[in-house]
Amino acid sequence: MVEVRETELKVIVFQLKDEEYAIPVQQVRSIEKVQHITRVPRTPKFVKGVINLRGVVTPIIDLRERFGIESQSFNEQTRVIIVALGEIEVGLIVDAANDVLDIPVKSIEPPPEVIEAIEADYINGVAKVGKRLLILLNLEKVLDAEKSVLA
Amino acid sequence: MSQYLEIFIDESKEHLQTINEQLLELEKNPEDLSIVNEIFRSAHTLKGMSATMGFEDLANLTHQMENVLDGIRNHKIVVTADLLDVVFSAVDDLEAMVNSIAEGGDGKRDVHEVVQQLKQIEKGEVPSFASETKQEAVNTAPALVQTYGEFEYNILQQSKEQGFYAYEIRVKLRADCLLKAARVFMVFEVLNQAGEVIKSNPPVEQLEEEQFDQEFIVTVVTKEPTEQIYERIMKVSEIEEVVVHAIDVDQFKSAQEAVPKETEVVAAQESEEVAVTVEKTEQKEKETAHKQAAANKTIRVNIERLDILMNLFEELVIDRGRLEQISRELNHPELHETVERMSRISSDLQNIILNMRMVPVETVFNRFPRMVRQLARDLGKKINLEIIGAETELDRTVIDEIGDPLVHLLRNAIDHGIEMPEVRRAKGKPEEGTVKLKAYHSGNHVFIEIEDDGAGINREKVLQKAINKGVISKQNVANLTDKQICELIFASGFSTADKISDISGRGVGLDVVKNTIESLGGSVTIDSEEGSGSIFSIQLPLTLSIISVMLVEIQHEKYAIPLSSIIETAIIKKEDVLHAHHQKVIDFRGKVVPLLFLKDVFEVPAVKEEEDFLSVVIVRKGEKMAGLVVDSFIGQQEVVLKSLGNYLTSVFAISGATILGDGQVALIIDCNALIK
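Taken in order, these protein sequences are the chains called W and V. Letter by letter, the first sequence follows residues 1 to 151 of the numbering used here. Letter by letter, the second sequence follows residues 152 to 827 of the numbering used here.
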């Protein structure tokens with residue numbers, strides 16, 4: 001779960017199809033434009049390959065594929081969000097990175113029973129900020145599930 | 152404090168290593184006092200350092216050890232294998248303490264027992280062991296406690312022939328005994344009436360000066376029976392306990408034989424090689440002088456800094472590749488010249504940095520003599536370990552990994568290879584088996600060989616076992632060469648020992664050895680002749696971080712194949728591809744080599760038209776070969792090996808990645824995984 005001690009949570013907001021998602025800023029290393037991706041054979045389909053991130057070979061996951069949303073070709077808006085979780089560092093391909101927001105912890109609600117297209121497993125909660133609805137991503141689950149796939 | 156702590160730990164480890172080495176040396180030449188002095192110096196420094204740093208237990212134990220060494224130095228204590236066992240165990244304790252400190256512990260340890268034993272040795276007593284079994288061992292083999300020279304042994308023998316009995320008498324005085332020297336005198340008086348005192352421990356002079364605790368041992372020859380001797384001594388007052396033990400000279404001979412024989416063998420060898428030995432010592436002296444001179448000019452650098460330097464340099468190598476590419480594209484002569492110059496300089500720099508990370512294999516080898524000694528004692532075998540080329544250097548990353556495989560192979564050689572002394576004698580071999588550990592450079596590789604003059608590999612037994620264990624099917628047996636049969640012992644779940652011993656034989660060792668070495672980019676082979684021994688030969692790359700590769704293109708994707716696995720490249724006409732058992736093969740220099748289409752293996756999206764010629768990279772894994780079919784060869788290049796990170800672990804047939812001159816990532820193909 002996200003830390004509840006502080007009253008506000010700083011998040012990076014990104015777009016995937018019609019939905020807006022959020023990742024706590026502590027888990028984000030940087031946001032990059034799409035560059036040449038080297039395909040890695042015999043890995044799950046959502047693993048797009050690896051990139052050269054300033055000398056570090058970094059794996060890239062296509063979040064659309066990961067969540068089973070139909071894929072679209074990359075455009076000017078497409079971004080790679082480099083996230084770090086413990087020893088693991090990966091890039092997530094998203095449609096666009098929109099915003100950095102402080103959301104009040106109080107506004108976060110547990111994930112609703114049914115969420116369109118995405119398994120509730122990957123979600124920590126939903127936050128309402130003004131008219132926007134932000135889906136808080138559970139990074140552990142997003143990254144962990146594939147590890148078992150690979151193993 | 153912490154900065155001193157690091158130095159303290161490093162230096163302590165060095166001193167302990169010196170002590171270990173010199174103790175082994177001392178065991179071979181118990182008379183050589185210069186060795187004792189060497190140990191004493193190291194122990195003394197260690198004591199001083201640990202006292203300064205406030206590690207009391209460490210200082211105390213070292214102090215106790217120092218006392219014993221001092222005794223040896225002053226001829227008060229005789230060096231025996233048992234004594235060395237105690238000192239070795241003390242060193243083990245010291246090592247454990249230093250390690251505990253290094254891991255952030257307080258370096259405390261219960262060393263009561265060892266300290267007690269050391270104290271007893273110091274006082275010239277038989278160390279009393281806490282455990283019952285060891286006590287028995289001491290009782291049944293008193294010869295090891297009271298040591299006898301050739302002269303005393305002759306007396307014992309002659310006395311026996313003349314009908315005398317030999318007794319070893321242990322006399323313990325009462326704790327409150329006031330005039331110990333007087334009591335000793337009275338005991339000697341009594342014994343001299345009954346027979347003749349041959350030897351005492353501690354020596355008579357020390358007994359007279361009361362330089363002993365409460366106990367002493369006297370060896371006498373007499374015609375009187377045990378009981379009478381016992382009663383006579385008990386008549387002396389203030390004596391607490393007397394133990395009279397009859398010495399069977401013959402039995403004593405066999406028990407004793409081990410020690411002098413060993414020295415004899417050594418002596419014989421020495422006399423044969425006098426000239427060589429002299430030369431060697433001279434050389435050694437030169438080496439030490441050389442080492443000392445070199446030592447003055449070195450500084451300690453934290454390994455982390457070297458790693459950082461290496462990483463930075465790797466970045467440079469990537470940019471170098473990029474520059475080379477740009478200059479080729481622009482074809483500007485001055486740029487070309489500058490880039491070429493820079494490339495040369497950076498190659499030199501690369502050599503220097505790689506050399507800086509090189510560590511002599513000595514750091515791994517130097518723990519083996521102790522291990523071999525212990526194993527030999529445990530197994531009741533006689534083994535001489537020869538280490539050759541300990542100064543050979545290897546990259547630190549390889550050094551860190553190579554220790555365990557070598558331990559496995561050495562244990563294997565000692566446990567399975569070298570026979571028991573009786574067996575060896577029966578076969579007409581010297582009782583003492585020889586295990587040679589040899590390291591040397593050759594080309595871009597380092598070779599480490601473990602050679603024993605033991606039983607060798609019994610091919611029949613190996614085959615039988617392999618069939619029983621399902622490692623190989625009966626049909627395939629006929630096609631195997633001798634070498635291939637030997638290599639079966641590397642298969643997992645294989646063990647040829649008739650009974651499982653503590654040391655090896657659970658069949659988990661050798662396949663792990665093979666895997667570890669292959670994961671380092673090396674290989675291991677066996678050469679064995681039944682009856683006369685085996686050689687295990689390990690080939691390792693000099694470094695792991697920068698490797699030479701062949702870049703190839705498969706459709707639009709670039710892959711790198713390590714040069715170390717490539718035999719050669721070839722372009723083959725499509726018509727020359729043959730079919731055998733649903734497998735495409737080619738006839739390559741008279742050998743049938745299966746083809747692997749990397750396009751299919753790596754599921755590369757097809758974009759290009761098929762051509763009439765196949766570009767094939769012939770790679771090998773040990774004896775096996777395969778032809779990897781690619782679309783085109785790009786060329787040979789030095790690249791920096793990078794890991795795929797912690798997320799993508801265990802990707803099939805990919806051992807890592809590298810960054811090319813244009814900044815793109817190319818995957819490195821793991822040929823070992825492709826060849827089954």
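We put the beta carbon where it would ideally sit given N, CA and C, even for glycine. What you are looking at is a predicted structure, and each value in this text was computed from that prediction instead of being measured.
Which residue marks the beginning of the beta strand (DSSP E) containing LYS724 (chain V), and which one marks its end? If you number the second sequence from 1, residue 724 (chain V) lands on position 573. Note, LYS724 (chain V): beta strand (DSSP E), 717-724.
Chain-ordered neighbours of GLN815 (chain V) on chain W, where CB pairs are closer than 8 Å: Position 664 of the second sequence, counting from 1, holds the residue named residue 815 (chain V). Near GLN815 (chain V) (Cβ distances below 8 Å), the residues of chain W are HIS36, THR38, ASN52.
Which class does HIS396 (chain V) belong to by DSSP, given the choice of helix, strand or coil? As a first step, residue 396 (chain V) is located in the second sequence; it is residue number 245 there, counting from the start. Here HIS396 (chain V) sits in strand by DSSP.
Which residue from W:ILE82, W:LEU53, W:VAL94 puts its Cα closest to that of GLU19 (chain W)? In the first sequence, counting from the first residue as 1, residue 19 (chain W) sits at position 19. Ranking the options by Cα distance to GLU19 (chain W), first place goes to W:VAL94.
Measure the alpha-carbon distance for GLN168 (chain V) versus GLY682 (chain V) and round it to whole angstroms. Walking along the second sequence from the start, residue 168 (chain V) turns up at place 17. Walking along the second sequence from the start, residue 682 (chain V) turns up at place 531. Between GLN168 (chain V) and GLY682 (chain V), the alpha-carbon positions lie close to 36 Å from each other.
GLU488 (chain V) to ILE469 (chain V) span [Cα, whole Å]: The count along the second sequence starts at 1 and reaches residue 488 (chain V) at position 337. The count along the second sequence starts at 1 and reaches residue 469 (chain V) at position 318. Rounded to the nearest angstrom, the two C-alpha atoms are 19 Å apart.
Could you please tell me which residues of the stretch 80-91 of chain W, in chain order, have their CB closer than 7 Å to any CB of chain V? Across the stretch 80-91 of chain W, CB contacts with chain V closer than 7 Å involve GLU87, ILE88, GLU89, VAL90, in sequence order along the chain.
N-terminal and C-terminal residue of the alpha helix (DSSP H) that SER494 (chain V) is part of: Numbered from its first residue, the second sequence carries residue 494 (chain V) at position 343. Its alpha helix (DSSP H) spans residues 484-507.
I'd like to know whether the C-beta of ARG492 (chain V) is nearer than 8 Å to at least one C-beta of chain W. Residue 492 (chain V) sits at position 341 when you count from the first residue of the second sequence. No, ARG492 (chain V) does not count as interfacial toward chain W.
Using DSSP bridges, identify the partner residues of ASN352 (chain V). Position 201 of the second sequence, counted from the first residue, corresponds to residue 352 (chain V). Bridge partners of ASN352 (chain V): V:ILE368.
Outcome for ARG451 (chain V) when other beta-carbon atoms lying within 10 angstroms are tallied against a minimum of 16: One-based indexing of the second sequence puts residue 451 (chain V) at position 300. Exposed: under 16 other Cβ atoms inside 10 Å.
Separation of ALA345 (chain V) from THR373 (chain V), as counted between CA atoms: On the second sequence, residue 373 (chain V) is found 222 positions in, with the first residue counted as 1. On the second sequence, residue 345 (chain V) is found 194 positions in, with the first residue counted as 1. Those two C-alpha atoms are separated by around 6 Å.
Of all the CB atoms in chain V, is at least one closer than 8 Å to the CB of SER148 (chain W)? Indexing the first sequence from 1 puts residue 148 (chain W) at position 148. Confidence at SER148 (chain W) is low in this model, with a pLDDT of 42, below 50, so the placement of that residue should be treated as unreliable; the coordinate-derived value is given next. Answer no: the Cβ-Cβ gap between SER148 (chain W) and chain V never drops below 8 Å.
What residue from W:GLY49, W:LEU16, W:LYS10, W:ASN98 has the CA that sits closest to VAL90 (chain W)'s CA? The sequence position of residue 90 (chain W) within the first sequence is 90, counting from 1. Cα-wise, what sits closest to VAL90 (chain W) is W:GLY49.
Helix, strand or coil for MET248 (chain V) per DSSP? Stepping through the second sequence from its first residue, residue 248 (chain V) is reached at position 97. It is helical.
Less than 8 Å separating the beta-carbons of ILE60 (chain W) and ILE51 (chain W)? The sequence position of residue 60 (chain W) within the first sequence is 60, counting from 1. The sequence position of residue 51 (chain W) within the first sequence is 51, counting from 1. Taking C-beta atoms as the reference points, ILE60 (chain W) and ILE51 (chain W) count as a pair closer than 8 Å.
Within the 8 Å Cβ cut-off, does PRO59 (chain W) reach chain V? Residue numbering aside, residue 59 (chain W) sits at position 59 when the first sequence is read from its first letter. Yes - at least one Cβ of chain V is within 8 Å of the one on PRO59 (chain W).
Between the beta-carbon of ASP208 (chain V) and the beta-carbon of LYS259 (chain V), is there less than 8 Å? Looking up residue 208 (chain V) in the second sequence gives position 57. Looking up residue 259 (chain V) in the second sequence gives position 108. Contact check for ASP208 (chain V) against LYS259 (chain V) passes: the beta carbons are separated by less than 8 Å.
Tell me which residues of the stretch 800-812 of chain V have at least one Cβ-Cβ distance to chain W shorter than 9 Å, keeping chain order. If the cut-off is 9 Å between Cβ atoms, the stretch 800-812 of chain V has THR800, SER801, VAL802, PHE803, ALA804, ILE805, GLY807, ALA808, THR809, ILE810, LEU811 near chain W.
Indicate whether SER674 (chain V) and GLY773 (chain V) have their beta-carbon atoms separated by less than 8 Å. What you label residue 674 (chain V) is simply residue 523 of the second sequence in a count that begins at 1. What you label residue 773 (chain V) is simply residue 622 of the second sequence in a count that begins at 1. Closer than 8 Å, so yes.
Would you mind telling me which residues of chain V sit closer than 7 Å to VAL94 (chain W), beta carbon to beta carbon, in chain order? In the first sequence, residue 94 (chain W) corresponds to position 94, counting from 1. Neighbours of VAL94 (chain W) on chain V: none; closest Cβ ~17 Å, over 7 Å.
Between GLU178 (chain V) and ALA232 (chain V), is the Cβ-Cβ spacing less than 8 Å? One-based indexing of the second sequence puts residue 178 (chain V) at position 27. One-based indexing of the second sequence puts residue 232 (chain V) at position 81. Against a cut-off of 8 Å, the Cβ pair of ALA232 (chain V) and GLU178 (chain V) comes out as a contact.
Starting from ARG473 (chain V), trace the beta strand (DSSP E) in both directions and tell me its first and last residue. Residue mapping note: residue 473 (chain V) aligns to position 322 of the second sequence, counting from 1. Element bounds for ARG473 (chain V): not the beta strand (DSSP E) but the alpha helix (DSSP H), 454-481.
Residues in its own chain within less than 8 Å of THR7 (chain W) by CB, not counting five upstream and five downstream? To locate residue 7 (chain W), count along the first sequence from 1; it is residue 7. Answer for THR7 (chain W): PRO104, VAL105, LYS106, listed in chain order.
My guess is that ARG471 (chain V) and SER497 (chain V) are in contact by the Cβ rule of under 8 Å, so how many angstroms apart are they, rounded? Numbered from its first residue, the second sequence carries residue 471 (chain V) at position 320. Numbered from its first residue, the second sequence carries residue 497 (chain V) at position 346. Taking C-beta atoms under 8 Å as the contact rule, ARG471 (chain V) and SER497 (chain V) qualify, at a distance of about 5 Å.
With a threshold of 8 Å, are at least 3 pairs of Cβ atoms found where one atom belongs to the stretch 788-808 of chain V and the other to the stretch 761-777 of chain V? Counting Cβ pairs under 8 Å, fewer than three are found: no touch.
Distance cutoff 8 Å, beta carbons only. Does LYS725 (chain V) sit that close to anything in chain W? As a working mapping, residue 725 (chain V) is identified with position 574 in the second sequence. It does not: the Cβ of LYS725 (chain V) has no partner Cβ on chain W nearer than 8 Å.
List, in order along the chain, the chain V residues whose C-beta lies closer than 9 Å to that of ARG158 (chain W)? Lying before the first or after the last residue shown, residue 158 (chain W) is absent from chain W, which here runs from 1 to 151.
Quick check on the burial criterion: 16 or more other C-beta atoms within 10 angstroms. Buried or exposed for LEU463 (chain V)? Taking the first residue of the second sequence as 1, we reach residue 463 (chain V) at position 312. Its Cβ having fewer than 16 others within 10 Å, LEU463 (chain V) is exposed.
HIS214 (chain V) in three-state terms, based on DSSP: As a working mapping, residue 214 (chain V) is identified with position 63 in the second sequence. Helix, per DSSP.
Taking C-beta pairs closer than 9 Å, name the residues in chain C that LEU139 (chain W) reaches, listed in chain order. Protein chains W and V are contained in the structure displayed, whereas chain C is not.
To the nearest angstrom, report how far apart ALA127 (chain W) and ILE717 (chain V) are at their CA atoms. To locate residue 127 (chain W), count along the first sequence from 1; it is residue 127. To locate residue 717 (chain V), count along the second sequence from 1; it is residue 566. When rounded, the distance between both Cα atoms is 57 Å.
Can you list the residues of chain W that GLU708 (chain V) reaches, using a CB-CB cut of under 7 Å? Against the second sequence, residue 708 (chain V) aligns to sequence position 557. Scanning chain W for C-beta atoms nearer than 7 Å to the C-beta of GLU708 (chain V) yields ARG39, reported in chain order.
Starting from the C-beta of LEU671 (chain V), find all residues in its chain whose C-beta is less than 8 Å away, skip the five residues before and the five after it, and write them out in chain order. Position 520 of the second sequence holds residue 671 (chain V). Within the same chain, VAL549, GLU552, ILE553, LEU691, PRO692, LEU695 come within 8 Å of LEU671 (chain V) by CB-CB distance, once the 5 residues on both sides are set aside.
Please check if any C-beta of chain V sits within less than 8 Å of the C-beta of VAL142 (chain W). Taking the first sequence and counting its residues from 1, the one referred to as residue 142 (chain W) is at position 142. No, VAL142 (chain W) does not count as interfacial toward chain V.
Do the stretch 735-750 of chain V and the stretch 619-636 of chain V meet, that is, are 3 or more Cβ pairs less than 8 Å apart? The stretch 735-750 of chain V, when compared against the stretch 619-636 of chain V, does not touch it at the 8 Å Cβ threshold.
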